[in-house]
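Q: Its first residue numbered 25, the sequence shown is counted upward by one per residue in the working numbering.
Have a look at this one.
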Amino acid sequence: MPESQNTEYKSIWKDEYLKWICGFANARGGTIFIGKDDVGNVVGVNNAKKLLEDIPNKIITVLGIVADVNLHETENGDYLEIIVEPQLNPVSFKGEYHYRSGSTKQELKGAALDNFLLKKQGKHWDGVPIPHVTVTDLKQETFDFFRKKGVKSNRLSEDALTDSNELLLNNLKLTDGDYLKRAALLLFHPDPEKFVTNAYVKIGFFESDSDLRFQDEVHGNLFEQVEKTMDLLFTKYIKSMISYEGIYRIETFEYPKEAIREAVLNAIAHKDYTGATPIQISVYKDKIMIWNYGELPENWTIDTLQKKHSSVPHNPDISNAFFRIGYIEAWGRGIRKMNEQCTAAGLPQPLYYYESSGFWVVFRKDLFNEEDLQAKGLNPRQIKAVLYVREKGKITNKEYQEINQVSKRTSTSELTDLVSKYNLLENKGVGAGSFYKLIGQ
């Protein structure tokens, strides 16, 4: 059996393996075998009975915890089994904090260590109390905004309109004794960057990845960042088409406003603010990319996030405040909402992925029209096929041959280009049941 998140094999004992025991103790626990090779075969270890006494003493002396150490005698030699239970309190190896992640051991430092220690105390980063800041230092206009939004969304009662700011913060659990939590400063302070230097949004318009044409920065508390970011995006960065129904002027944007808003809200609410980079929104002619620093919970994937219908748990206090005024739903439902909005607008569904220490949401334009397809370099037959897929939902190799009156060889070659060269279609199914559909739909 190969090594895993909870299993480690070592052919001999070294005192530095106390770091591995520390890592298991700080994570979900695990077992270290001494006297086995990398795939779990017994190779035997010398002085097994002496190690049976020495190792438990070293674990207690250096790490301050107790672990079960068992001796196993086999025909191929003796080996030791060290069973490490997860610990409620942080465990250090000579002042170093190690953590088991996947099948690797990592030393925690900086922001990662801070978050780990807070988690062991049952706290989150945004719940840390901040001294020397009072309610009077916060922005009254933001409190007024919050109350009106909350009452309008039916998530705050009418009584909230007359509650004091102190009572409102207490009800939101944004205080810790006599102190304000860090979340309160991000949400209501006029200049939260005094306390969190990366708490802003950066927007740029790119002609290409290396050609930035213009950019803006959005500062202020988190509620202000949401409103200012949306205003900038839909007045300066995202185009609109104007039409009329009788005397009524109708404005239709390139992207559904509610879907973009959902992505902006979640980026701001769920960002890991211990990172040193602001939220980044990159606008191109054919897409919008929204990135926020942060990690998914351990062993989660994007698919897990959608199925659980739950939030990325970086900032529960901030997320709760956003929820209380109807700003956000759970992350999984937010993803569903963005998908539905884009589908209703005739656009590809957004892409979601984790990369570069952060979470990406990518909105793409509907480029499946004849003019844009010609600009991409597609020949008339390929354009006809893409438009066919857009209308019918899919196309087979045989259908491509029929609508274009071409051979199977030509059809296969041109469909392959639509998949690998132009990145417009994806191949689904196997053999006779295979077909092609638009990527993201």
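The beta-carbon is built from N, C-alpha and C at its ideal position, and this holds for glycine as well.
Please read these numbers as outputs of a predicted model, since none were measured by experiment.
Any beta carbon from chain D within less than 8 Å of L142's own beta carbon?
A: Included in the structure is just one protein chain, with no chain D present.
Q: Going by CA-CA distance only, name the one from D62, Q164, L191 and K82 that's closest to P14.
A: Absent from the structure is residue 14, since the part of the chain shown begins at 25 and ends at 465.
Q: For the alpha helix (DSSP H) holding P292, just list the boundary residues, first then last.
A: According to the sequence displayed, residue 292 carries Ile and not Pro. Residues K281 to H294.
Q: Nearest to S181 by alpha carbon, out of V157, R348 and Q406?
A: Nearest of V157, R348 and Q406 to S181, Cα basis: R348.
Q: Do L198 and L191 have their CB atoms nearer than 8 Å?
A: Not a contact, by the Cβ cut-off of 8 Å.
Q: So what does L204 bridge to, in DSSP terms?
A: Looking at the DSSP assignment, L204 forms a beta bridge with I154 and T199.
Q: Since P302 and V225 should fall inside the 8 Å C-beta cutoff, what is the C-beta to C-beta distance between them, to a whole number of angstroms?
A: Confirmed, Cβ separation roughly 6 Å.
Q: Which same chain residues, not among the five before or five after F219, have their C-beta less than 6 Å away from its C-beta?
A: L209.
Q: Using 8 Å as the threshold, is the C-beta distance between L449 and L439 below it?
A: Contact: yes.
Q: Under the assumption that K452 contacts V413 (Cβ atoms under 8 Å), give the Cβ distance between them as a whole number of angstroms.
A: Contact doesn't hold; Cβ gap of about 11 Å is too wide.
Q: Within 10 angstroms of its Cβ, does N150 collect 16 or more other Cβ (buried), or is it exposed?
A: The sequence shown places Asp at residue 150, not Asn. With 16 or more Cβ atoms within 10 Å of its Cβ, D150 is classed as buried.
Q: Along the alpha helix (DSSP H) that carries V413, what are the first and last residues, could you check?
A: P404 to K416 is the extent of the alpha helix (DSSP H) around V413.
Q: Output the boundary residues of the alpha helix (DSSP H) element that contains Y460.
A: Segment F459 to L462 is the beta strand (DSSP E) holding Y460; no alpha helix (DSSP H) there.
Q: Please report the Cβ distance between A49 and V108, rounded to the nearest whole angstrom; I am assuming they are in contact, meaning their Cβ atoms lie under 8 Å.
A: Contact holds; Cβ gap of about 5 Å.
Q: For I107, which beta-bridge partners are listed by DSSP?
A: Bridge partners of I107: T55 and D92.
Q: Is it true that the CB of Y446 sits closer than 8 Å to the CB of L402?
A: Contact flag set, yes.
Q: To which residues does DSSP link H122 through a beta bridge?
A: Looking at the DSSP assignment, H122 forms a beta bridge with E131.
Q: Mark D296 as exposed unless 16 or more other C-beta atoms lie within 10 angstroms of its C-beta, in which case mark it buried.
A: Per the 10 Å Cβ criterion, buried.
Q: Contact check, F525 vs K311 under 8 Å by CB: the rounded distance?
A: A query on residue 525 cannot be resolved here, the shown segment of the chain reaching from 25 to 465 and no further.
Q: Per DSSP, which residues does S306 bridge with? Please list them.
A: S306 is bridged to G228 and M313.
Q: With DSSP as the reference, please indicate the residues paired to V242 in a beta bridge.
A: Note: V242 sits in a beta bridge opposite V225.
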